[in-house]
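Under the UniProt record's numbering, the first residue of the sequence shown carries the number 1, and numbering increases by one thereafter.
Note that the Cβ used here is the ideal one computed from N, Cα and C, for glycine as well.
Below is one structure, written out as structure tokens, with a few remarks after it.
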Amino acid sequence: MNQLLRAAFADASDPPIRDAALNHFSHCHPLLRLHLRETERIKCNFCDSIISGRGYACLRCDYYLHDVCRNFPKEIRHDFHPGYDHTLVLRPFRLGDDEEKFHYAACGVDDYELSLFLSYYCCRLCNFNLHVECASIPITLGLRVKCPLHLLFSLPINSESASLSCSICTEVVPISGSWLFYNHEHDYLCHFDCAAIIEFATESDSMTKLQNPLKLYL
């Protein structure tokens, strides 16, 4: 499992904290710890899925947060960010944001509404954006094939006219402009998002601890 989600799950399985309130960067007020039933149909403001079990809330603002979602870091650095020394900051989507400004470097999707989470990682200096789930995919995948797949920003191929197909979905894979996974020895190539689907699908029961957030991504 990716490092971000692994850390989140590990922290969520720890014994309950003693403090009744949580100061979290995503909200201006302290969040009270509480236990919610799925039948209450209360959604997390980070992942937009229903909270079942331990969570946090600001009742004054009607703001809720999964216990797992609270563990996603506010800032990260990613190896494939062109400005590798820049920090990517977790930001919430806002209704006033201009959709045309959003292009995600990993999956190439322009529509932020396709994200499972209500936040994204960005570098404003470079206009470099990553979905939370895209940032969570590891650099090397095993998937269900026998060879390790390595994350690339573009293939080391000189010809722009070359036509290559994804080993998973069989659709054309762009030579540049979007991330992909590749193994040269076995000539295995796949879209970033195709690999992501299988990566999440092969996770075991630990994925169900989120209840809903990544289930829709399968």
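{"Asked": "Can you grab the Cα-Cα spacing for the pair aspartate 85 / leucine 125, in whole Å?", "Found": "11 Å"}
{"Asked": "Thinking just about the alpha-carbon of each residue, which of His27, Asp193, Ile168, Pro148 is nearest to the one in cysteine 58?", "Found": "His27"}
{"Asked": "Going along the chain, which residues of its own chain have a beta-carbon closer than 7 Å to the beta-carbon of phenylalanine 181, five neighbours each way excluded?", "Found": "Leu141, Leu149, His150, Leu151, Cys190, Phe192, Ala195"}
{"Asked": "Going by DSSP, which residues form a beta bridge with lysine 43?", "Found": "Ile50"}
{"Asked": "Taking the C-alpha atoms as reference points, what is the distance between arginine 91 and isoleucine 76?", "Found": "12 Å"}
{"Asked": "So what's residue 220 in DSSP terms, helix, strand or just coil?", "Found": "Examination of residue 220 is not possible in this model, given that the chain is present from 1 through 218 alone."}
{"Asked": "Along the chain, where does the beta strand (DSSP E) that runs through cysteine 123 open and close?", "Found": "119-123"}
{"Asked": "Output the boundary residues of the beta strand (DSSP E) element that contains cysteine 190.", "Found": "188-191"}
{"Asked": "Just how far apart, CA to CA, sit histidine 66 and cysteine 123?", "Found": "25 Å"}
{"Asked": "Could you pull the DSSP bridge partners for alanine 21 from this structure?", "Found": "Leu32"}
{"Asked": "How would you label valine 132, buried or exposed, when you count the other beta carbons within 10 angstroms and need 16 or more for buried?", "Found": "buried"}
{"Asked": "Report the residue from Trp179, Ser167, Ser178, Val172 whose alpha carbon sits nearest the alpha carbon of histidine 186.", "Found": "Ser167"}
{"Asked": "According to the neighbour-count rule (16 or more other Cβ atoms, all chains shown, within 10 Å of its Cβ), is residue 234 buried or exposed?", "Found": "Outside the modelled stretch of the chain, which goes from 1 to 218, sits residue 234, for which no answer is possible."}
{"Asked": "Could you tell me which residues DSSP puts in a beta bridge with valine 172?", "Found": "Ser165"}
{"Asked": "What's the gap between the Cα of tyrosine 63 and the Cα of cysteine 44?", "Found": "8 Å"}
{"Asked": "Looking only at its own chain, which residues have a Cβ that is under 7 Å from the Cβ of asparagine 23, when we skip the five neighbours before and after it?", "Found": "Pro30"}
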